[in-house]
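Enquirer: Note that the protein sequences, when read in sequence, are chains A and B. Take the first sequence: its letters are residues 12 to 310, numbered as in my numbering. Take the second sequence: its letters are residues 41 to 319, numbered as in my numbering. Even for Gly, the Cβ is constructed at its ideal location relative to N, Cα and C. Quick one: the structure is below, and I'll ask about it shortly.
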Amino acid sequence: MDKLLRNKTAIFIFVAPALILFTVVLFIPIGTSFYYALCTYDRTTRSYSFIGLGNFQKMLTDPNMRIALKNSLFFLLFSCISQLIMGLLLAGLLTNIKKGRNLFKNVIYMPCVLSSAALGLLWAFLFHAKVGINNLLANFGIKGPAWLYSTTGFITLPMWVIAFVALWQYVGQSMMLYMAQISGISKSLYEASYIDGATKAKAFRYITLPLIKPMVGTAMSLNAIGSLKFFDLIYSMLGDKTENLKMDVLATYLYRTGFSSKGGHHYGYASAIGIVLVILCLLATAIINRIFKTENYEM
Amino acid sequence: MEKKKKKIKPSTILIYVFFIFMMVIYLAPVVWIAMTSLKTRAEIYKNPFAAPTVFHWENYKVAWEAGKLGIAMLNSLFVCVVTLVLTMLLGSMAAFAIGRMRWKLANAAMVYILIGMMIPVHCVLIPLFVRFANIGLSNNLWGLILPYLTFSLPTSVYIMTGFFRSIPNELLESACIDGCSIYKIFFQIALPLSRTGLFVTGLMTFIANWNELLLALVFISDGNKKTLPVALTKFVTPYQTNYDKMFPAIMIAIIPTIVVYTLFSNQIVDGLTTGAVKG
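Encoded structure:
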């Protein structure tokens with residue numbers, strides 16, 4: 012048996028395809044990406060010339076980059092906080108009921124598996140300046156705001172709208188993670204606390220919350236990375252309109268810089284944006300893990 | 041307890057009211073897309089929230105033809121099914137070698153693969169695009185399958201490793217005594233025993249790739265090679281949007297996922313949760 016499991020040829024045949032794929036499609040391109048970030052791409056000669064940190068210097072003074080970064084950080088903060096509150100609330104309430112728990116859970120999770128591109132179109136219609144929600148408001152004599160077409164404010168209204176749509180779509184994921192953790196907590200802990208006279212709210216505060224702290228870290232890192240990578244919803248809700256420059260996030264700005272029909276093909280600069288994105292992802296994960304680092308309690 | 045039923049607490053009623061409200065928030069948009077997809081354009085603009093007076097099923101036919109949805113659906117199916125089969129095969133092979141076979145670098149290989157989970161696809165978008173353009177993989181569905189496969193593998197390897205490790209040793213040993221080769225052990229014993237895991241990874245891979253937009257948008261510009269999410273975004277142009285065609289198109293795109301989800305919602309929810317935690 013042991014000999015069979017140490018069969019070198021078999022091991023090689025089993026792992027090689029996956030590892031080769033990983034190296035060729037993922038790790039080599041990452042290296043290339045770092046190199047491109049230090050280059051500028053000439054569209055006519057199709058060549059890259061090394062310019063050192065030039066792309067990153069350009070970022071410092073690029074107003075569009077500043078907007079994209081601002082919006083991305085807004086999504087990051089908003090999704091971390093809102094998903095934590097809503098996810099915990101839903102999970103906490105759901106674990107308190109028996110009948111219909113599965114149904115509610117599955118329905119709330121449903122948008123997570125649906126296409127963001129499709130749902131984005133739906134919400135774009137609902138928040139259209141003339142039809143959609145504003146049509147409904149008009150029946151009551153209220154003139155609604157221009158929603159996705161409004162461009163004022165530090166964080167523009169479209170960003171808030173999309174942030175709430177994203178919360179609607181993805182809160183199921185956080186809820187599920189918290190539910191999984193809460194159902195792992197021993198019932199005897201709660202019984203003991205009720206005997207000591209604790210209310211449900213108090214039990215939640217002093218038993219549930221501390222015990223799910225590690226999961227808060229996990230769920231929040233997932234939200235953070237997800238919101239930094241955010242592309243589908245914004246692209247399908249706002250479209251490829253250059254007049255919407257104030258509504259870029261890092262991912263859409265990268266896409267526009269690299270591939271837009273108008274003014275694209277800046278592969279060097281786009282790679283540099285990609286690098287910033289990865290660094291932000293790592294940074295956010297590291298910070299969140301530091302905040303929620305806990306010793307593991309016995310459950 | 042003498043009483044037949046426990047007294048229902050007001051807090052429980054409040055919780056149910058809250059969740060029924062949530063159900064409305066989650067289901068109403070889908071119901072509303074379905075309703076709107078059967079209305080004419082004039083009806084949509086005049087009264088977007090009313091039910092259709094006459095069911096205009098022909099909207100679906102128009103949308104299907106105008107958006108080239110038939111071919112987009114076929115492309116999406118092709119890409120997703122190939123990716124799904126390859127992910128299950130390559131993923132479980134690697135998982136078996138890592139989780140069950142004995143070699144020094146097994147843990148290192150696992151770490152190498154799991155790192156892939158943390159890398160956003162945006163980071164490799166440009167190098168891949170440039171490389172693929174050079175070797176004829178842009179505007180080619182295989183150019184989508186390769187990265188989809190690579191980004192689906194970590195989760196499947198992670199889940200399958202767990203399943204393979206839980207197979208009792210005796211089962212494999214008895215097969216060994218019967219003279220099975222290691223390949224036979226893998227394909228005829230380990231794989232069938234882990235079919236739950238295969239099923240979960242398959243569902244997750246399918247859903248993730250069915251909805252993928254960014255790569256498909258960048259790598260495919262040929263109208264006959266577009267996948268469904270990309271075809272959908274084409275219904276919105278900067279100057280006008282054909283709502284009467286857009287809503288049937290949205291329905292066509294989300295119905296397969298809704299059907300799969302309704303059939304297997306418990307497995308999907310559990311699988312996606314496990315898949316998410318390891319990252």
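Taking Cβ-Cβ distances below 9 Å as the criterion, which residues of the segment 189-208 of chain B are in contact with chain A?
Expert: For the segment 189-208 of chain B, which is checked against every Cβ of chain A, the residues closer than 9 Å are 189, 190, 191, 193, 194 and 197.
Enquirer: Candidates B:303, B:189, B:185 and B:183: which alpha carbon is nearest residue 153 of chain B's?
Expert: The shortest Cα separation from residue 153 of chain B among B:303, B:189, B:185 and B:183 belongs to B:189.
Enquirer: Using a Cβ-Cβ distance cut-off of 8 Å, determine whether residue 236 of chain B contacts chain A.
Expert: Chain A, which has no Cβ nearer than 8 Å to the Cβ of residue 236 of chain B, makes this no.
Enquirer: Counting beta carbon pairs with one atom in the segment 184-201 of chain B and one in the segment 121-135 of chain B, are three or more of them shorter than 8 Å?
Expert: Yes: at least three Cβ pairs fall under 8 Å.
Enquirer: Count Cβ pairs between the segment 154-163 of chain A and the segment 286-301 of chain B that sit closer than 8 Å; are there 3 or more?
Expert: Too few Cβ pairs lie closer than 8 Å, so no.
Enquirer: Please name the residue, chosen from B:313, B:168 and B:143, that lies closest to residue 241 of chain B on a Cα-to-Cα basis.
Expert: The shortest Cα separation from residue 241 of chain B among B:313, B:168 and B:143 belongs to B:313.
Enquirer: In its own chain, which residues sit with a C-beta less than 8 Å from the C-beta of residue 58 of chain A, not counting the 5 before and 5 after it?
Expert: Contacts found: 52.
Enquirer: Check whether the Cβ atoms of residue 166 of chain A and residue 196 of chain A sit closer than 8 Å, and answer yes or no.
Expert: No.
Enquirer: Please list the terminal residues of the continuous alpha helix (DSSP H) segment that includes residue 50 of chain A.
Expert: Element bounds for residue 50 of chain A: not the alpha helix (DSSP H) but the beta strand (DSSP E), 50-53.
Enquirer: Using the beta-carbon count (16 or more within 10 Å), is residue 206 of chain A buried or exposed?
Expert: The residue in question, residue 206 of chain A, is exposed, as its Cβ has fewer than 16 Cβ neighbours within 10 Å.
Enquirer: Out of A:106, A:78, A:93 and A:37, state which residue places its alpha-carbon closest to the alpha-carbon of residue 178 of chain A.
Expert: With distances taken between Cα atoms, residue 178 of chain A lies closest to A:93.
Enquirer: Answer yes or no: do residue 115 of chain A and residue 59 of chain B have a C-beta to C-beta separation smaller than 8 Å?
Expert: Yes; because the gap between Cβ atoms is below 8 Å, this pair is in contact.
Enquirer: How many Å lie between residue 225 of chain B and residue 233 of chain B at the Cα?
Expert: Taking the straight line joining both Cα atoms gives about 11 Å.
Enquirer: Any C-beta of chain B sitting closer than 8 Å to the C-beta of residue 257 of chain A?
Expert: No, no contact with chain B.
Enquirer: Measuring CA to CA, which of A:13, A:283, A:136 and A:237 is closest to residue 276 of chain B?
Expert: Per the Cα distances, A:136.
Enquirer: Using only the alpha-carbon positions, how far apart do residue 173 of chain A and residue 127 of chain B sit?
Expert: Straight-line Cα distance between these residues: approximately 33 Å.
Enquirer: Measure the alpha-carbon distance for residue 38 of chain A versus residue 94 of chain B and round it to whole angstroms.
Expert: Straight-line Cα distance between these residues: approximately 56 Å.
Enquirer: Alpha carbon to alpha carbon, how far is residue 81 of chain A from residue 42 of chain A?
Expert: Going from the Cα of residue 81 of chain A to the Cα of residue 42 of chain A covers about 27 Å.
Enquirer: At which residues does the beta strand (DSSP E) containing residue 61 of chain A begin and terminate?
Expert: Element bounds for residue 61 of chain A: 58-61.
Enquirer: Whose C-alpha, out of A:270, A:246, A:227 and A:267, is nearest the C-alpha of residue 91 of chain A?
Expert: Here the closest residue by C-alpha is A:227.
Enquirer: Can residue 164 of chain B and residue 40 of chain A be called in contact, C-beta distance under 8 Å?
Expert: A contact, by the Cβ cut-off of 8 Å.
Enquirer: In this structure, how does DSSP classify residue 260 of chain A when only helix, strand and coil are distinguished?
Expert: In the structure shown, residue 260 of chain A sits in coil (DSSP, three-state: anything other than H, G, I, E or B).
Enquirer: Per DSSP, what kind of secondary structure is residue 142 of chain A in: helix, strand or coil?
Expert: Coil at residue 142 of chain A, not helix or strand.
Enquirer: Drop a sphere of 10 angstroms on the beta-carbon of residue 250 of chain B, count the other beta-carbons inside from all chains shown, and report buried for 16 or more, exposed for fewer.
Expert: It is buried - the Cβ of residue 250 of chain B has at least 16 other Cβ atoms within 10 Å.
Enquirer: Would you kindly work out how many angstroms separate the C-alpha atoms of residue 101 of chain A and residue 303 of chain B, rounded to a whole number?
Expert: If I take the Cα positions, the gap works out to 24 Å.
Enquirer: Measuring straight from C-alpha to C-alpha, what distance separates residue 71 of chain B and residue 62 of chain A?
Expert: Looking at the two C-alpha atoms, the distance is approximately 54 Å.
Enquirer: Pull up the CB-CB distance for residue 143 of chain A and residue 69 of chain B, whole angstroms please, since I reckon it's below 8 Å.
Expert: So it is not a contact: roughly 12 Å between Cβ atoms.
Enquirer: Could you give the C-beta distance for residue 127 of chain A and residue 257 of chain B, rounded to a whole number, given that I count them as a contact under 8 Å?
Expert: That pair is no contact at about 12 Å.
Enquirer: Can you name, in chain order, every residue of its own chain whose Cβ lies under 7 Å from the Cβ of residue 138 of chain A, other than the five neighbours on each side?
Expert: Hits under 7 Å: 144, 158, 159 and 172.
Enquirer: Check the Cβ of residue 246 of chain A against every Cβ in chain B and list those closer than 9 Å, keeping chain order.
Expert: Going along chain B in sequence order, the residues near residue 246 of chain A (Cβ under 9 Å) are 253, 254, 257 and 273.
Enquirer: Does residue 64 of chain A come within less than 8 Å of chain E when only Cβ atoms are used?
Expert: Absent from the structure is chain E; the protein chains it does hold are A and B.
Enquirer: Give the DSSP-derived three-state secondary structure of residue 94 of chain B in the structure shown.
Expert: Looking at residue 94 of chain B - three-state DSSP - the assignment turns out to be coil, as it is neither helix nor strand.
Enquirer: Going straight from the alpha carbon of residue 199 of chain B to that of residue 136 of chain B, what length do you get?
Expert: The straight-line gap from Cα to Cα measures roughly 11 Å.
Enquirer: Grouping DSSP H, G and I as helix and E and B as strand, with all else coil, what is residue 26 of chain A?
Expert: Residue 26 of chain A falls in the helix class under three-state DSSP.
Enquirer: What is the rounded straight-line gap between the Cα of residue 185 of chain A and the Cα of residue 221 of chain B?
Expert: Residue 185 of chain A and residue 221 of chain B: Cα-Cα distance of roughly 44 Å.
Enquirer: What does residue 143 of chain B touch in chain A if you count any residue whose Cβ is under 8 Å from its own?
Expert: What residue 143 of chain B touches in chain A: 17, 19 and 22.
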